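Chemist: Here the sequence shown is numbered in our numbering, starting from 2 and rising by one per residue.
In this text, a Cβ means the ideal position worked out from N, Cα and C, and glycines have one as well.
Because the structure is a prediction, the values reported are computed rather than measured.
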Amino acid sequence: MATDPEIQRRRREGIRRHNAKPGVLLAQRETLRKTMERVRATPEHQAMLRAHGERLYREVLTRPDVVAKIKAPETKAKRNATLSSTRLRDIPASMRAEYRLLRRGKNLTAAEAKAIILDQWKKQIAAPKPFQPTPKKVGQWVLKGGEFVKVEVVE
Numbered sequence: 002m003a004t005d006p007e008i009q010r011r012r013r014e015g016i017r018r019h020n021a022k023p024g025v026l027l028a029q030r031e032t033l034r035k036t037m038e039r040v041r042a043t044p045e046h047q048a049m050l051r052a053h054g055e056r057l058y059r060e061v062l063t064r065p066d067v068v069a070k071i072k073a074p075e076t077k078a079k080r081n082a083t084l085s086s087t088r089l090r091d092i093p094a095s096m097r098a099e100y101r102l103l104r105r106g107k108n109l110t111a112a113e114a115k116a117i118i119l120d121q122w123k124k125q126i127a128a129p130k131p132f133q134p135t136p137k138k139v140g141q142w143v144l145k146g147g148e149f150v151k152v153e154v155v156e
């Protein structure tokens, strides 16, 4: 009975209908969050997490191939870019070098440097841009193989 495709289909439809009701998924998430909060607070769970971390370090993170990959310049560059984009998400990407210069070179606080950078950025956005005409696509009729064909030409 549990393996009957028709029963499985009807069961899935019923679950979908139930989950489509307003507030059902939010209530399930809240119940799960409270349950996991209680589970994570137990000493047994903490010990299990600690043992897992120790095993991961012992068996995986100390392997020569993994150590080499971690210390590779490409990996460090990718990690630094990810951390930078996360930590400096309020600073426009084009102005992060300038932000670092203000922080390290001028010894400004993060709030001061951020205010300066965002003020400069707002001025850059508000400044009128020089006129740059966009290329136009013009259709031309060309004779190809005895037929006229329309060809897009960029001017």
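What first and last residue would you give for the alpha helix (DSSP H) that runs through Pro65?
Modeler: Start and end: Pro65 to Lys72.
Chemist: Starting from the Cα of Ala116, find the closest Cα among Pro93, Ala128 and Ala127 and give me that residue.
Modeler: Nearest C-alpha to Ala116: Pro93.
Chemist: What residue from Leu33, Arg97 and Pro74 has the CA that sits closest to Ser86's CA?
Modeler: Checked all of Leu33, Arg97 and Pro74; the closest Cα to Ser86 is Arg97.
Chemist: Go ahead and label Ala114 buried or exposed: buried means 16 or more other beta carbons lie within 10 angstroms of its beta carbon, across all protein chains shown.
Modeler: Buried, by the Cβ-count rule.
Chemist: Between which two residues does the alpha helix (DSSP H) containing Thr36 stretch?
Modeler: Residues Val25 to Arg41.
Chemist: Use the C-beta contact count for Tyr58: other C-beta atoms within 10 angstroms, 16 or more gives buried, fewer gives exposed.
Modeler: Classification for Tyr58: exposed.
Chemist: What do you get for Ile118, buried or exposed, if any count of 16 or more other CB atoms within 10 angstroms of its CB means buried?
Modeler: The residue in question, Ile118, is buried, as its Cβ has 16 or more Cβ neighbours within 10 Å.
Chemist: Compare the C-alpha of Lys123 against each of Ser95, Thr110 and Gly15 and name the closest.
Modeler: Of Ser95, Thr110 and Gly15, the residue nearest in Cα terms is Ser95.
Chemist: DSSP beta-bridge partners for Lys115?
Modeler: None; Lys115 has no bridge partner.
Chemist: Per the DSSP calculation, Leu144 is bridged to which residue(s)?
Modeler: Bridge partners of Leu144: Phe149.
Chemist: With distances taken between CB atoms, is the gap from Asn20 to Leu26 smaller than 8 angstroms?
Modeler: Going by C-beta atoms, Asn20 is nearer than 8 angstroms to Leu26.
Chemist: In whole angstroms, what separates the C-alpha of Arg177 from that of Ala69?
Modeler: Since the displayed the chain opens at 2 and closes at 156, residue 177 lies outside it and no answer follows.
Chemist: Note down, in chain order, each residue of its chain lying with its Cβ closer than 6 angstroms to the Cβ of Val150, except the 5 sequence neighbours on either side.
Modeler: Contacts found: Val143.
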